[in-house]
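Scroll down for the structure; my scribbles are underneath it.
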Amino acid sequence: MSRLDSAIRRLVAQRSCLDMAAGLIRDVPGPVLELGLGNGRTYDHLRTLFPERGIFVFDRRVAAHPDCIPDDTHMIIGDVMQTLPGALSRIGTRAAMVHSDIGSGDKAESRRQAGALVRLLGPLLAPGAIVVSDQDMAMAGWPEVALPEGIAPRRYYLYRLP
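All residue numbers for the sequence shown refer to the working numbering, where the first residue is 124 and numbers rise by one.
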(Lines of atoms letter the chains of each structure in order from A and count residues from 1; the text may use other names and numbers.)
(Lines give C-alpha, C1' and ligand atoms only; values in the text may rest on other atoms or scores of the structure.)
Protein backbone atom coordinates (compact mmCIF):
# COMPACT_ATOMS: atom_id res chain seq x y z
CA MET A 1 0.00 0.00 0.00
CA SER A 2 1.34 3.42 -0.85
CA ARG A 3 1.85 6.05 1.85
CA LEU A 4 -0.91 8.11 0.20
CA ASP A 5 -3.34 5.19 0.42
CA SER A 6 -2.32 4.62 4.05
CA ALA A 7 -2.87 8.30 4.91
CA ILE A 8 -6.29 8.29 3.27
CA ARG A 9 -7.33 5.17 5.19
CA ARG A 10 -6.08 6.69 8.45
CA LEU A 11 -8.03 9.90 7.87
CA VAL A 12 -11.20 8.03 6.94
CA ALA A 13 -10.82 5.89 10.08
CA GLN A 14 -10.20 8.98 12.20
CA ARG A 15 -13.30 10.75 10.89
CA SER A 16 -15.49 7.66 11.24
CA CYS A 17 -14.34 7.08 14.82
CA LEU A 18 -14.86 10.72 15.81
CA ASP A 19 -18.33 10.74 14.24
CA MET A 20 -19.23 7.54 16.11
CA ALA A 21 -17.82 8.90 19.37
CA ALA A 22 -20.03 11.98 19.08
CA GLY A 23 -23.08 9.75 19.33
CA LEU A 24 -21.60 7.67 22.14
CA ILE A 25 -21.07 10.67 24.41
CA ARG A 26 -24.40 12.34 23.72
CA ASP A 27 -25.41 11.88 27.38
CA VAL A 28 -21.96 12.25 28.95
CA PRO A 29 -21.36 15.78 30.22
CA GLY A 30 -18.03 17.52 29.85
CA PRO A 31 -15.69 19.09 27.33
CA VAL A 32 -13.68 17.42 24.60
CA LEU A 33 -9.88 17.17 24.67
CA GLU A 34 -7.81 17.21 21.49
CA LEU A 35 -4.21 16.07 21.91
CA GLY A 36 -2.29 17.40 18.94
CA LEU A 37 -3.56 20.39 16.96
CA GLY A 38 -1.31 19.89 13.95
CA ASN A 39 -2.73 21.93 11.09
CA GLY A 40 -6.17 22.08 12.71
CA ARG A 41 -8.22 19.81 10.44
CA THR A 42 -9.40 17.52 13.23
CA TYR A 43 -10.07 20.43 15.58
CA ASP A 44 -12.21 22.00 12.85
CA HIS A 45 -14.15 18.74 12.51
CA LEU A 46 -14.62 18.52 16.28
CA ARG A 47 -16.12 22.04 16.25
CA THR A 48 -18.79 20.84 13.83
CA LEU A 49 -19.50 17.72 15.91
CA PHE A 50 -19.60 19.54 19.27
CA PRO A 51 -20.75 23.13 18.75
CA GLU A 52 -21.98 23.43 22.35
CA ARG A 53 -19.02 21.80 24.11
CA GLY A 54 -15.73 23.34 25.05
CA ILE A 55 -12.86 21.82 23.10
CA PHE A 56 -9.48 22.07 24.82
CA VAL A 57 -6.49 21.54 22.56
CA PHE A 58 -3.00 20.53 23.68
CA ASP A 59 0.08 20.92 21.51
CA ARG A 60 3.73 21.93 21.75
CA ARG A 61 3.23 24.89 19.45
CA VAL A 62 0.61 26.40 17.19
CA ALA A 63 1.19 25.74 13.50
CA ALA A 64 -2.41 25.43 12.30
CA HIS A 65 -4.37 27.23 9.63
CA PRO A 66 -5.48 30.58 11.12
CA ASP A 67 -9.16 29.59 10.91
CA CYS A 68 -8.47 26.44 12.94
CA ILE A 69 -6.80 27.80 16.07
CA PRO A 70 -8.67 27.73 19.39
CA ASP A 71 -8.91 30.86 21.52
CA ASP A 72 -6.36 31.36 24.29
CA THR A 73 -8.67 29.82 26.90
CA HIS A 74 -8.93 26.55 24.97
CA MET A 75 -5.37 26.31 23.54
CA ILE A 76 -2.90 24.76 25.98
CA ILE A 77 0.65 25.08 24.68
CA GLY A 78 3.51 22.92 25.89
CA ASP A 79 4.59 19.32 26.11
CA VAL A 80 1.38 17.34 26.67
CA MET A 81 3.16 15.18 29.25
CA GLN A 82 3.72 18.32 31.31
CA THR A 83 0.45 20.16 30.62
CA LEU A 84 -2.03 17.30 31.17
CA PRO A 85 -1.30 16.76 34.89
CA GLY A 86 -2.60 20.22 35.83
CA ALA A 87 -5.27 20.47 33.15
CA LEU A 88 -8.31 19.65 35.30
CA SER A 89 -8.14 23.01 37.03
CA ARG A 90 -8.01 24.71 33.62
CA ILE A 91 -10.80 22.76 31.94
CA GLY A 92 -12.99 22.87 35.05
CA THR A 93 -14.56 19.43 34.84
CA ARG A 94 -13.77 15.95 33.65
CA ALA A 95 -13.93 15.44 29.89
CA ALA A 96 -16.50 13.41 27.96
CA MET A 97 -14.06 12.54 25.19
CA VAL A 98 -10.42 12.74 24.24
CA HIS A 99 -8.96 12.42 20.78
CA SER A 100 -5.27 11.60 20.84
CA ASP A 101 -3.36 11.88 17.59
CA ILE A 102 0.22 12.25 18.71
CA GLY A 103 1.83 9.11 17.35
CA SER A 104 5.16 9.55 15.61
CA GLY A 105 6.72 7.43 12.92
CA ASP A 106 8.73 5.67 15.65
CA LYS A 107 6.63 2.73 16.88
CA ALA A 108 8.55 2.20 20.12
CA GLU A 109 8.32 5.90 21.00
CA SER A 110 4.61 5.98 20.13
CA ARG A 111 3.97 2.99 22.44
CA ARG A 112 5.92 4.67 25.24
CA GLN A 113 3.92 7.88 24.79
CA ALA A 114 0.62 5.97 24.76
CA GLY A 115 1.54 4.28 28.04
CA ALA A 116 2.38 7.62 29.62
CA LEU A 117 -0.83 9.18 28.30
CA VAL A 118 -2.96 6.43 29.80
CA ARG A 119 -1.73 7.35 33.28
CA LEU A 120 -2.32 11.06 32.68
CA LEU A 121 -5.73 10.82 31.01
CA GLY A 122 -7.55 8.64 33.55
CA PRO A 123 -8.05 11.43 36.13
CA LEU A 124 -9.24 13.85 33.40
CA LEU A 125 -12.01 11.67 31.98
CA ALA A 126 -15.59 11.36 33.16
CA PRO A 127 -17.29 8.00 33.71
CA GLY A 128 -18.51 6.82 30.32
CA ALA A 129 -16.01 9.01 28.45
CA ILE A 130 -14.73 7.86 25.08
CA VAL A 131 -11.06 7.72 24.10
CA VAL A 132 -10.37 7.95 20.37
CA SER A 133 -6.72 7.31 19.56
CA ASP A 134 -4.30 6.63 16.78
CA GLN A 135 -2.37 4.48 19.29
CA ASP A 136 -3.28 1.28 21.11
CA MET A 137 -4.11 2.11 24.73
CA ALA A 138 -5.28 -1.36 25.76
CA MET A 139 -2.80 -1.28 28.64
CA ALA A 140 -5.27 1.03 30.42
CA GLY A 141 -7.78 -1.79 30.80
CA TRP A 142 -10.54 0.40 29.39
CA PRO A 143 -13.20 -1.58 27.53
CA GLU A 144 -12.74 -1.40 23.78
CA VAL A 145 -15.56 -0.15 21.59
CA ALA A 146 -16.10 -1.90 18.26
CA LEU A 147 -14.80 0.21 15.40
CA PRO A 148 -17.21 1.60 12.84
CA GLU A 149 -18.02 -0.70 9.94
CA GLY A 150 -15.32 -0.77 7.30
CA ILE A 151 -12.48 0.32 9.60
CA ALA A 152 -9.70 -2.25 9.81
CA PRO A 153 -8.58 -3.39 13.27
CA ARG A 154 -5.56 -1.47 14.61
CA ARG A 155 -6.12 1.37 12.15
CA TYR A 156 -7.63 3.45 14.98
CA TYR A 157 -8.76 2.68 18.53
CA LEU A 158 -11.87 3.40 20.60
CA TYR A 159 -12.30 2.86 24.34
CA ARG A 160 -15.08 3.69 26.82
CA LEU A 161 -14.26 4.37 30.44
CA PRO A 162 -16.40 2.46 32.93
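C-beta: ideal position from N, C-alpha, C; glycine also.
Contiguous beta strand (DSSP E) elements confined to the region 161-236 occur at 178-182, 198-200, 218-223, taking only those with 3 or more residues.
DSSP links Arg242 through a beta bridge to no other residue. CA-to-CA, the gap between Met143 and Leu270 works out to about 9 Å. When beta bridges are read from the DSSP output, Leu156 appears opposite Phe179, Val221. Residue pairing by DSSP puts Tyr282 in a beta bridge opposite Val254, Glu267. Separation of the CB atoms of Ala249 and Gly153 is rounded to 5 Å, and the pair is thereby assigned contact status at 8 Å. In the structure shown, Ala249 falls within a strand segment according to DSSP collapsed to helix, strand and coil. Non-local beta-carbon contacts of Gln258 in its own chain, meaning distances under 6 Å to residues more than five positions away in sequence, involve Gly226, Ser233, Ala237 in chain order. Excluding the 5 residues flanking it on each side, Arg133 has same chain C-beta neighbours closer than 8 Å at Asp257, Arg278, Tyr279, in chain order. Between the region 173-183 and the region 191-204, the count of Cβ pairs shorter than 8 Å is three or higher; the stretches touch. Note on Ile199: 16 or more other CB atoms within 10 angstroms of its CB, so buried under the neighbour-count rule.
Straight-line measurement puts the Cα of Leu172 at about 30 Å from the Cα of Arg235.
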